[in-house]
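Going by this note's numbering, the letters in the sequence shown line up with residues 509 to 781, in that order.
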Amino acid sequence: MGLTARIRTRDGWAVSHAVVTVADMTGAQVLRAEADAEGAVRDATPMEPGAYTVIVMAVGYAPAASSVIVTASGRAEVGTVTLARQGGTELPPPGPWTVDPVHSSVAAVAQHLGISSVHGRFTEFSGSIEIAPDDVTKSRVEAVIRAASVDTGNGMRDGHLKSPDFLDVERFPEITFRSTGLTATGSDRWTVHGELGMHGVVRAVDLDLAYLGTGPDPWGGTRAAFRATTELHREDFAMNYNQVLQAGIAAVGTTLKVELDIQAVQGESLPAA
509 MGLTARIRTR DGWAVSHAVV TVADMTGAQV LRAEADAEGA VRDATPMEPG AYTVIVMAVG
569 YAPAASSVIV TASGRAEVGT VTLARQGGTE LPPPGPWTVD PVHSSVAAVA QHLGISSVHG
629 RFTEFSGSIE IAPDDVTKSR VEAVIRAASV DTGNGMRDGH LKSPDFLDVE RFPEITFRST
689 GLTATGSDRW TVHGELGMHG VVRAVDLDLA YLGTGPDPWG GTRAAFRATT ELHREDFAMN
749 YNQVLQAGIA AVGTTLKVEL DIQAVQGESL PAA
């Protein structure tokens, strides 16, 4: 007896916070049930035979309505109900995700001599993402970067960047980021508000984040891809060193353009190699 249904996104993910309401032909509510962690709805309340309207709602999704016939057994089998994300973009399923550093990059670009750019990256970092189930803006991000892993392709320059003139990696071996909130700027874009700790200074920093999609990987896992950018000013983090050339041009620019290309694997840890 009762109602059974499966609530899914267009990508096939379970919508664990969906609510199903059943109304009779007069519009009176006769049943209300919530989906479980697998997006399944099972309610044993018997209903009188006849036609009913089933309405499925979940935060962040457009509601779906359909008709169902309750048989003489008192059972209504709704089947699979697919909910469309409001704004049209499907998001990663909720829960923990782990950044895969092998397939991610943390890079920065600085102006050099006023005419060209120096590109650098950090080769050692880790991070975690927690996608909130009911409201994606409540999701969280944390990351740790090993400052000494800076790599610009020039050993002498890298040594200077690790020195007290810049990162001072002996005293401050880690660069940290912890999100404090998200603000939606589009169907698949957000501003990630957070705190960046670097060179012994913690500053509020905003990342412009774009979600690129989710899909299976060859190792049996599920991956999500993101791209984020921001600009940092060295003086905000007490890195005031600069060599000024005769023409008054700074040898190294004070603004850093940061570019993050991130792949995250679903789960609390990376799969075994």
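Where is the CB? At the ideal position from N, CA and C, for every residue including glycine. On a predicted model such as this, the values are computed, not experimentally measured, just so you know.
- The beta strand (DSSP E) runs of length 3 or more contained entirely in the segment 703 to 747 are, from start to end of the chain, 709 to 724 and 730 to 741.
- In the DSSP annotation of this structure, the continuous segment of the alpha helix (DSSP H) that includes L669 starts and ends at G663 to K670.
- Distance between V766 and T699, taken at the CA atoms: about 15 Å.
- Look at A570 here: in three-state DSSP terms it is coil, with no helix or strand label.
- If you draw a 10 Å sphere on the C-beta of M747, you find 16 or more other C-beta atoms in it, and that means buried.
- Look at A655 here: in three-state DSSP terms it is helix.
- A contact between stretches requires three or more CB pairs, one per stretch, nearer than 8 Å, and the segment 574 to 590 fails this requirement with the segment 689 to 703.
- Take A615, set aside five residues on each side of it, and the residues of its chain with a beta-carbon closer than 6 Å to its own are R629 and E767, in chain order.
- Straight-line spacing of the CA atoms in T763 and D608 works out to 28 Å.
- Per DSSP, the unbroken beta strand (DSSP E) holding W605 starts and ends at G603 to V607.
- Around the beta carbon of M664, fewer than 16 other beta carbons lie within 10 angstroms, which makes this residue exposed.
- A526 sits close to I515, with the two beta carbons spaced by under 8 Å.
- Straight through space, the alpha carbons of V658 and F745 are spaced by roughly 17 Å.
- In this structure A651 is in contact with S634, their Cβ atoms being roughly 7 Å apart against a cut-off of 8 Å.
- Between V626 and T660, the C-beta spacing is below 8 Å.
- For L690, the enclosing beta strand (DSSP E) has its first and last residue at E682 to G694.
- Between A592 and R518 a beta carbon distance of about 6 Å is seen, short of the 8 Å cut, so the two are scored as contacting.
- Straight across, the Cα-Cα distance linking Q771 with A736 is about 12 Å.
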